[in-house]
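Some notes on the structure that comes next.
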Amino acid sequence: MAGATPSSSSCLPPPAALVDRTLHALGFRFTHISPGKVAGRLKVTETCCQPFNLLNGGVSALVAESLASLGAYVASDFQQVAGVQLSTNHVKAALLGEEVEAEACPIHVGRTIQVWEVQIRKMDSSTSGRNVLVSSSKVTILCNRQTSQAHKDYEDTIKKYAKL
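Laid out in structure tokens, this is it:
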């Protein structure tokens, strides 16, 4: 279901390289793309860590803005988007080797401005397998500019993988 095309029941996630090159370079895998939710997973590797082998807060912020922007892009019927405000609270560490799950959901979807909340969680064996909040972000996005014809291929790629 996650990442499936609207006419398919396949469970294959979309290739992250086609959706977001930067997140792909970090190893991020999208599991769901729709106007109401964007989600995915990231294994915390050395590339994602600060010197103390903890998930770098900048990576958390990058994931948050990227997922919220993708969601806003789909929710705005593929208008060009730009993040105008990002606020992230880091509440628990994710260690090298752990896997985190990120989920972005809209709080407000207007014609000009959208606000999305993004939570990054990790599995914590000490809490019976429940997900533990690593960071919480709020992202405000401007979404009222027409996408140029030059970006039509990107729009088509997203439409292929989004659950619309």
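Residue numbers (the UniProt record's numbering): 1 to 164. All C-beta atoms, glycine included, are put in the ideal place defined by N, C-alpha and C. Only a predicted model underlies this, so the values are computations on that prediction, with no experimental measurement involved.
Between the beta-carbon of V109 and the beta-carbon of I120, is there less than 7 Å?
no
Run the CB neighbour count on A82, radius 10 Å, all protein chains shown included, and call it buried at 16 or more, exposed below.
exposed
Here's the rule I'm using: 16 or more other beta-carbon atoms within 10 Å means buried, otherwise exposed. How should T88 be labelled?
Result: buried.
If you draw a straight line from the C-alpha of L44 to the C-alpha of G27, how long is it?
Per the sequence shown, the amino acid found at residue 44 is Val instead of Leu. Distance between V44 and G27, taken at the CA atoms: about 9 Å.
Residue 213 versus N56: straight-line alpha-carbon distance, rounded
Any property of residue 213 remains undetermined from this structure, which presents the chain solely from 1 to 164.
Nearest-angstrom Cα separation, counted from I158 out to V19
Taking the straight line from one Cα to the other gives about 7 Å.
Helix, strand or coil at R130 [DSSP, three-state]:
coil
Can you give me the start and stop residues for the alpha helix (DSSP H) that E65 sits inside?
57-75
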